[in-house]
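Protein chains in written order, with my numbering: chain A, 14 to 186; chain B, 4 to 248.
I have placed the structure first, in the form of C-alpha cells, so that the comments after it can refer back to it.
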Amino acid sequence: MKRDKALTQQYEALVAQYHMDLYRYGFWLTKDKQVTEDIVQETFLRAWRAIEQLEDIKAAKGWLITILRRENARRFERKQLSLVDIDDYSVADDNESQQQTSIEHEELHVAIDMLADDYKEPLLLQSMFGFSGEEIAKQLSLNKNTVMTRLFRAKKQLADILTNHSASRTDKS
Amino acid sequence: MKTLNYFELAMADPYCTDPDFLEAVKNDSALQQAVIDAKENDKMFENFTSDVPAPSQMHLDAIKAICDEPTSSTVTHKNKGHLNSYKPYFAIAASLVVMTVSLFMLSAQNHHNDNLMDHALAHTSHGAPYAGVTDTNPTLTRVNQQLSLYGASLTNANDILWSSHCEFQGIASAHLVYRDNAERINVFLVPKSLDFDEIKTRFSNADFNGTITELSSGYLVIVAPKNSDINSIKSNIEGELDWEI
C-alpha cells in the first residue's frame, strides 16, 4: 500500500510540475485544443503505466516530452488530420491599439505555423522548457551544431515573415 | 553544416555560456547589443507562446484520475499464467525486487525528516547548480500559471529569474528563484498537505539564512545567502503574494 501511495504521489508531482508545460508544447505542435488534450492525456496515461521505470525524477521532463512527441507522431500514422479553425485567430476589438496587437498576434501565429516542424520543435523546447542546445540535441537525437543552426534559422525565418507581413500591411494602407 | 558565427549564435541562443562566445561578447559592443535584442525577442516569443486556451475541466479531471488505473506491473501480474515456464526466474527476480523495495522503504524511513527548514536548505544547496542558473525570466502570467496549482498568485515577477516546482516529501511545491543584486534567493511555496514536526520562523546554516511564514494555505519559505537582507526580501514578497494571507 505504501508503495502504491508513493507511486501516486510521484505521479501527482509529475502532473503538478509538467502538465501545463506539456499542454502548451502540445498545443503549439498541434494547434488544436482537443487534439492537445488527447495527446497530453495519453502521455500521462503511458507515463503512469510505466512510472516504475522512471528511476531518476530529474529525467522525467525529457521522458514525458519523448512520450508526447511519439503520441503526436502516432496521430499522423493514424492519418488523422489536424484542422485549424481560422475563427480561432480572428479577434474583433474596438480599440485601435488592441486591433494592432491582434494583427501582430495573428501574424506571429501564422509565422509559427509556417515553420517546418524540424525548426519549430527546437524553438519550442528552448522557449518553453528552457532547454540548452545540448539538451535539445539529446531530446531530438541531433548534434548540437544542427540544433543551433535550426534555432538560428527558425528565429530568422520568424523575423523575416513578420517583417514581410508588416511591409505588405504598410503597402496596403 | 557550417558553424554559426557569433552574431548568429547570439540569435540562436543568447544565453549561451560557451567561454569563447562570452569573451567575444565582452569585447564587441555590437555583439552585446545583438545578445540584448535576441533576449528581448526570446522573451516576446515566450510570452506569446504562453498564451494558449485553458484546458477543459474534463481534461484536468481525466489527468488526475489516471493514477486510479493499474500500472504496468499490476497488469503484468494478471497475465502471469502465460509465463509458467519462467516461474523460477520470476520468483528469484520478484524476491530481489521485494528486497530492493523493502530496503528502499526502510532507507527512506530512516532518513524520514519532517523538518521543513532542513528540506528548504537541502533544496537550496542541492538545487544550486541548476535552479535559476539559466535565467529564464518568466513572465508574470507564466509564474501565476504555475502558482495557480497551489491557489496562489503574485502581483509582480520582475525579479524572478526562474520558476518551477519541486517536491517536499513528495508533495509538489512551487520553487522560485529571485534576483537580489548579484545574489539568488530561493523561495518555496509549500502547501499544507504535510504536517511538519517542527517549524521555526528563522533558521540558518553556514551559507544561508531562512525564514518561514505560515499562511492559511501553506508555508512561504525564503532561503537567502548570509549577506542578503532577508527581512526586506521577505517583506517585498509577502506584499506581492496573494495566498490567502
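Glycine included, every Cβ here is placed at the ideal spot set by N, Cα and C.
Query	Result
Within-9 Å CB hit, Asn85(A) to chain B	no
Cβ pair Val226(B), Ala160(B) closer than 9 Å	no
Neighbouring residues, chain A, relative to His168(B) (Cβ below 9 Å)	Ala26, Ala29, Gln30 and Tyr31
Under 7 Å by beta carbon: chain B residues contacting Glu50(A)	Pro58, Ser59 and His62
Ile64(A) beta carbon less than 9 Å from that of Tyr24(A)	yes
Inter-residue spacing [alpha-carbon to alpha-carbon] between Ser231(B) and Glu72(B)	48 Å
Proximal residues to Leu138(A) (C-beta, below 7 Å), its chain only, five neighbours per side dropped	Phe144, Ile149 and Gln152
Residues near Phe2(B) in its chain [Cβ-Cβ closer than 7 Å; skip 5 each side]	In the structure as shown, chain B begins at 4 and stops at 248. Residue 2(B) is therefore absent and cannot be evaluated.
Cα-Cα separation, Lys157(A) to Gly146(A)	6 Å
Whole-angstrom distance between Asn184(B) and Ala175(B), CA atom to CA atom	29 Å
Assigned secondary structure, Ala215(B) (DSSP; H/G/I helix, E/B strand, else coil)	Correcting the residue type first, residue 215(B) is Ile in the shown sequence and not Ala. In this structure, Ile215(B) counts as strand in the three-state DSSP scheme.
Beta-carbon proximity check, Ile163(B) vs Leu179(B), cutoff 9 Å	yes
Gly221(B) (DSSP reduced to helix, strand or coil)	strand
Contacting residues, own chain, Cβ-Cβ under 8 Å from His32(A) (five flanking each side not counted)	Val53 and Phe57
Beta-carbon spacing of Phe165(A), Glu186(B) below 9 Å	no
Outcome for Phe171(B) when other beta-carbon atoms lying within 10 angstroms are tallied against a minimum of 16	buried
Selected residue, minimal CA-CA separation from Gln47(A), among Phe24(B), Arg145(B) and Ser59(B)	Ser59(B)
Helix, strand or coil at Ala167(A) according to DSSP, with G and I counted as helix	helix
Chain-order list of residues whose beta-carbon lies under 6 Å from that of Glu134(A) (same chain, five-residue window excluded)	none
Beta-bridge partners of Pro228(B), as assigned by DSSP	Phe211(B)
DSSP-derived helix/strand/coil call for Ser145(A)	coil
Under 7 Å from the C-beta of Val48(B): neighbouring residues of chain A	Residue identity check: residue 48(B) is Phe in the sequence provided, not Val. Simply Ser140.
Cβ of Lys151(A) within 9 Å of any chain B Cβ	no
Glu186(B) - containing beta strand (DSSP E), residue span	Glu186 to Pro194
Nearest-angstrom Cα separation, counted from Glu68(A) out to Leu152(B)	25 Å
Contact under 9 Å by Cβ, Thr214(B) with Asn234(B)	yes
N- and C-terminal bounds of the alpha helix (DSSP H) containing Asp45(B)	Ser32 to Ser53
Pair within 9 Å by beta-carbon distance, Ala26(A) and Ile78(A)	no
DSSP-derived helix/strand/coil call for Leu96(A)	Residue placement at Leu96(A) is poorly supported in this model, since its pLDDT is 42, which falls under 50; the coordinates still yield a value, given next. Reduced to three states, the DSSP call for Leu96(A) is coil.
Beta bridge counterpart(s) of Arg87(A) as assigned by DSSP	Beta-bridge pairing links Arg87(A) to no other residue.
Backbone secondary structure at Leu150(B) - three-state DSSP	helix
Contact with chain A by Met156(B), beta-carbon distance below 9 Å	Inspection of the sequence shows that residue 156(B) is occupied by Ser rather than by Met. Not an interface residue.
Straight-line Cα distance separating Ala72(A) from Leu94(A)	Low local confidence applies: a pLDDT of 41 at Leu94(A) is under 50, so the model's placement there is unreliable, and no value is given.
For His168(B) and Cys249(B), the rounded distance between their alpha carbons	For residue 249(B) there is no data in the structure shown, the boundaries of chain B being 4 and 248.
Contact residues within the segment 7–23 of chain B, judged by C-beta distance below 7 Å to chain A	Leu7, Glu11, Leu12, Met14, Ala15 and Asp16
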